[in-house]
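The block underneath contains the structure these notes are about, expressed in structure tokens.
Numbering (my numbering), first residue to last: 696 to 854.
Below, the structure is given as structure tokens:
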């Protein structure tokens, strides 16, 4: 586990303006507010950050804005989940290239989400990227249930 990914990481909402565009000014204010209030780190573009509803360009806009605003003050974890494995990997590589300390990935919806299938997914991602992966476990969205025993196995087999 990365030593930079410890403590409480607030998961940020993605603010939108009246035209349903990413509200960059509000996002910058939100980042600064979180840091000023003592957040150890920030997580962006998770399930509750509306990542699935954003285009790839909008995701990159959010990532660039947050990385620039944070300016190294706290570690950042970027949600890079995507239904397409190659897109997830590309987003993860972009996050690390931009200075993220980790990526947060939820398994995509699967026809048969067995433990072995989920393990194979995370293994395939880990083989293609260099950096910490945070597992986002949110069954209401993707239908994938991960038990504590499985999560322990995942942490051991995909370090």
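Note that CB positions come from ideal geometry on N, CA and C, so glycine has one too. If you're wondering where the values come from, they're calculated on a predicted model, not measured in any experiment.
Best match in the options for proximity to residue i [C-alpha to C-alpha]
i, options, result
"residue 768", "822, 817, 796, 749", "796"
"residue 723", "840, 764, 848", "764"
"residue 852", "734, 833, 820, 755", "820"
"residue 719", "762, 824, 772", "762"
"residue 690", "792, 756, 770, 740", "This structure leaves residue 690 out entirely; the chain is present only between 696 and 854."
"residue 816", "803, 826, 825", "803"
"residue 780", "731, 811, 824, 848", "824"
"residue 741", "783, 730, 721", "783"
"residue 801", "844, 831, 721", "831"
"residue 849", "827, 813, 727", "813"
Local Cβ density within 10 Å of residue i, reported as buried at 16 or more and exposed below that
i, result
"residue 707", "buried"
"residue 675", "A query on residue 675 cannot be resolved here, the shown segment of the chain reaching from 696 to 854 and no further."
"residue 834", "exposed"
"residue 703", "exposed"
"residue 754", "buried"
"residue 807", "exposed"
"residue 738", "buried"
"residue 774", "buried"
Coarse secondary structure for residue i, derived from DSSP in three states
i, result
"residue 843", "helix"
"residue 696", "Low per-residue confidence applies at residue 696: pLDDT is 41, beneath 50, and the placement is therefore not dependable enough to give any value."
"residue 705", "strand"
"residue 833", "coil"
"residue 853", "coil"
"residue 838", "coil"
"residue 848", "helix"
"residue 782", "helix"
"residue 806", "coil"
Bridge-paired residues (DSSP) for residue i
i, result
"residue 797", "772, 827"
"residue 711", "717"
Task: Runs of alpha helix (DSSP H) wholly within the region 724-779 (minimum 4 residues, chain order) - done: Listed in chain order, the complete alpha helix (DSSP H) runs (minimum 4 residues) inside the region 724-779 are 751-765.
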